[in-house]
Amino acid sequence: MVESSSDQAPGAANHSKPAYADAVVGAEVISRDVTITRFDLIRYAGASGDFNVIHWNERIAKSVGLPDVIAHGMFTMAQAGRIVTDWLGDPGALKDLGVRFTRPVVVPDDERGAILHVAASVAEKLEKPMVRLDLTATCEGQGVLGRASAVVSLA
Amino acid sequence: MALNAEFVGRRYPASAPYQVGREKVREFATAIGDTNPVSHDVFAAQAMGYPDVVAPPTFAFVLTHSAMGQAMFDPDLGLDYSRVVHGEQRFAYDRPIVAGEELTVHAVIEGIRAVAGNDMLTLRAEVMDADGNRVVTAHSVIVARGTAEEG
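Chains as they are written, first to last, in this note's numbering: chain A, 18 to 172; chain B, 70 to 220.
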């Protein structure tokens, strides 16, 4: 998995939790481009136990009307969740995570794979220290998750 | 075939206990590209107040998906699995899942409805720890394409 990120310290747990006082409604807090290849899907199948053949077999995927092999919806959701926990530092500060799967992420069998763009922005400041984030996930310029949001507890 | 609406409210027996393995947590984190030390390094997790490495948020689905299978594969429900797609997923967390604990999943059919010719099945799965405290609640909407009866 190759990625580029707007976050200066992706995956770093040593940073302190973002402050509620610093959260500005409408402001993007983190975004990232994630390259997804067939290798990533096979590794995710093994790690998650979801071996549905449409996520690794092109012949079967096409036989059920898909354009090609598609990523697990839960893999895409995991990428949306990961930017949030990377921003928070402490995964325990994530209280709620929800998405709709609106469009499949098609992963061709080539070196390039698919490029998923995930981003999180402040949607609403709830009762202190809770904040609701809007999450977006796009592939080839089209949204693949709908009504995606997270509720987080800030400092 | 339409889904059997009498199944709304049906509860399934608790799943067999799931032992959260430290290497499984690391394997899952690696598979989603999560490099947060709290999911890999026991000392980093302990420094944050956790007894062991912390599973990434969507790891909960590994447990709830298999428990939901009890409902999805219940022959009397009438779900055609070949037409099934995952429509929605939500997790409400009481706390993160941590390596070394033993969890059980309690699945309930919350709702069955037909929308635009598709059957929509809403399932709730509660993940409980060995002390009987809830860890996370998963809400899943499963869509069976083109199976609802014409109204």
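Yeah, the Cβ is synthetic: ideal placement off N, Cα and C, and Gly gets one too.
Name, please, each residue of chain A whose Cβ falls closer than 7 Å to the Cβ of residue i.
i       : result
T127(B) : M91, M94, A95, G98
F76(B)  : Near F76(B) there are no residues of chain A at all, since even the closest Cβ is about 23 Å away, more than 7 Å.
P144(B) : The contacting residues do not exist; P144(B) stays about 20 Å from chain A at best.
Output yes if chain B places a C-beta closer than 8 Å to the C-beta of residue i; else output no.
i       : result
M18(A)  : yes
S170(A) : no
G28(A)  : Unreliable positioning characterises G28(A) in this predicted model, as indicated by a pLDDT of 45, which lies under 50. A coordinate reading is not provided.
A64(A)  : yes
G109(A) : yes
V51(A)  : yes
Nearest-angstrom Cα distance between residue i and residue j?
i       : j       : result
D110(B) : V122(B) : 6 Å
Y61(A)  : A100(B) : 5 Å
T102(A) : V167(B) : 15 Å
T191(B) : M18(A)  : 33 Å
G215(B) : D85(A)  : 21 Å
Y37(A)  : G186(B) : 44 Å
A183(B) : M189(B) : 6 Å
T52(A)  : A85(B)  : 36 Å
A26(A)  : A194(B) : Legend: pLDDT at A26(A) = 44, less than 50; position of this residue unreliable, value from coordinates given subsequently. Rounded to the nearest angstrom, the two C-alpha atoms are 34 Å apart.
A124(B) : A98(B)  : 7 Å
G138(B) : V196(B) : 15 Å
Check the Cβ-Cβ distances between residue i and every residue of chain A, and say whether any is below 8 Å.
i       : result
I101(B) : yes
Q115(B) : no
E219(B) : At E219(B), the pLDDT of 48 sits below 50, so the modelled position is not reliable; the number obtained from the coordinates is stated separately. It does not; no Cβ of chain A falls within 8 Å.
E170(B) : no
V184(B) : no
N187(B) : no
Y162(B) : yes
Identify the residues that DSSP records as bridge partners of residue i: which are they?
i       : result
I53(A)  : A131(A)
K178(A) : Missing from the structure shown is residue 178(A); chain A here goes from 18 to 172 and no further.
I181(B) : L190(B)
H109(B) : DSSP lists no partner for H109(B).
Along chain B, in chain order, which residues have C-beta atoms closer than 8 Å to that of residue i?
i      : result
Y61(A) : A100, I101
What in chain A is Cβ-close to residue i, meaning under 8 Å?
i       : result
E195(B) : Going along chain A, no residue has its Cβ under 8 Å from E195(B), so there is no contact; the nearest lies around 15 Å.
F97(B)  : A64, S65
V123(B) : P108, G109
Can you pull the chain A neighbours of residue i, defined as C-beta to C-beta under 9 Å?
i       : result
V177(B) : Going along chain A, no residue has its Cβ under 9 Å from V177(B), so there is no contact; the nearest lies around 18 Å.
A213(B) : By Cβ distance, chain A contributes nothing, its closest Cβ being about 14 Å from A213(B), past 9 Å.
Name the chain B residues that come within less than 9 Å of residue i, Cβ to Cβ?
i       : result
D103(A) : D103, T104, N105
Report task. Check whether the stretch 105–113 of chain A touches the stretch 68–78 of chain A, counting contact only when three or more Cβ pairs, one atom from each stretch, lie closer than 8 Å. Result -> no
**Report entry** Contact list for the stretch 112–143 of chain A against chain D, Cβ threshold 7 Å
**Finding:** Within the model displayed, chain D is absent; protein chains A and B are what it includes.
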